[in-house]
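Every position in the sequence shown, counted from 1, becomes a number in this note's numbering once 10 is added.
What follows is a set of notes on a single structure, which appears directly below.
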Amino acid sequence: MTFSHDTEQALGTLVRLVNTMPGPNSQVDSLETLEELEKFVQEREFSAVDTLTEKDLAEVRDLRPLFAPVFTTDSDASAATMINAIIARGTSTPRLTNHDGHPWHIHYSRAGASMACRITVECGIALAQVISAGERERLRRCEAPDCDDALIDLSRNRSKRYCDARTCGNRLHVAAYRERRKASGE
Ligand SMILES: [Zn+2]
Ligand SMILES: [Zn+2]
Numbered sequence: 011m012t013f014s015h016d017t018e019q020a021l022g023t024l025v026r027l028v029n030t031m032p033g034p035n036s037q038v039d040s041l042e043t044l045e046e047l048e049k050f051v052q053e054r055e056f057s058a059v060d061t062l063t064e065k066d067l068a069e070v071r072d073l074r075p076l077f078a079p080v081f082t083t084d085s086d087a088s089a090a091t092m093i094n095a096i097i098a099r100g101t102s103t104p105r106l107t108n109h110d111g112h113p114w115h116i117h118y119s120r121a122g123a124s125m126a127c128r129i130t131v132e133c134g135i136a137l138a139q140v141i142s143a144g145e146r147e148r149l150r151r152c153e154a155p156d157c158d159d160a161l162i163d164l165s166r167n168r169s170k171r172y173c174d175a176r177t178c179g180n181r182l183h184v185a186a187y188r189e190r191r192k193a194s195g196e
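Listed below in structure tokens is the structure:
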């Protein structure tokens, strides 16, 4: 494991959040309704979630353009500036918890904080862990020609190039295979 479980969980949440924005590969915004927010929160296994409202939806949507540029920046200094600004927007109150049978781990947002505040603080601090570990290059964009989805490369040798959309990795494998066949004159 590259980072702690909680950090990796928060980074996964962040990638999923950023990729709900419309992009070249899918022009659809997949975080437009309260149902979509509820599904997102459920999939990402947030604990102790209060009833979500339209206000939560608007606030969470507004976080996306703040986080998105962190995946394209090319220096630690600019990443740090962005991440510090993000963390400063939330109220962070670190505390140890062992909810739902998980081993003791730190939550950085206070109990009862809004969903947007939780995402801001938990994902912001997870990003800070990445930068402070000297691992910024693991935050990337998919290299498939018509996709620029955010991705976090947790592979040992930093070899992940494509997002998890099946079309990206697979289609390129197919293209590379055809190229090889053509080159060898088959
Ligand atoms: Zn937890
Ligand atoms: Zn992709």
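The beta-carbon is built from N, C-alpha and C at its ideal position, and this holds for glycine as well.
What is the rounded straight-line gap between the Cα of residue i and the Cα of residue j?
| i | j | result |
| --- | --- | --- |
| residue 13 | residue 149 | 13 Å |
| residue 22 | residue 162 | 7 Å |
| residue 87 | residue 192 | 44 Å |
| residue 61 | residue 76 | 25 Å |
| residue 117 | residue 47 | 21 Å |
| residue 49 | residue 43 | 10 Å |
| residue 172 | residue 152 | 4 Å |
| residue 180 | residue 154 | 10 Å |
| residue 41 | residue 189 | 38 Å |
| residue 64 | residue 70 | 10 Å |
DSSP on residue i, reduced to helix/strand/coil?
| i | result |
| --- | --- |
| residue 115 | strand |
| residue 209 | The structure shown does not extend to residue 209, since the chain is modelled only from 11 through 196, so no value can be given for it. |
| residue 161 | strand |
| residue 37 | coil |
| residue 166 | coil |
By a C-beta neighbour count over all protein chains shown, 10 Å radius and 16 as the cutoff for buried, is residue i buried or exposed?
| i | result |
| --- | --- |
| residue 132 | buried |
| residue 119 | buried |
| residue 109 | exposed |
| residue 174 | exposed |
| residue 72 | exposed |
Taking 7 Å as the limit between beta carbons, can you name the residues of its chain near residue i, skipping five residues before and five after?
| i | result |
| --- | --- |
| residue 127 | 100, 101 and 119 |
| residue 29 | 159 and 160 |
Who are the Cβ neighbours of residue i in its own chain at under 6 Å, not counting the five residues just before and after it?
| i | result |
| --- | --- |
| residue 83 | 89 |
| residue 136 | 17, 20 and 21 |
Ignore the nearest five residues each way along the sequence and tell me which others in residue i's own chain have a CB closer than 8 Å to its CB.
| i | result |
| --- | --- |
| residue 97 | 130, 131, 134, 135 and 138 |
Tell me the start and end of each unbroken alpha helix (DSSP H) in the stretch 56–119 that is at least 4 residues and wholly inside, in chain order.
64–77 and 86–99
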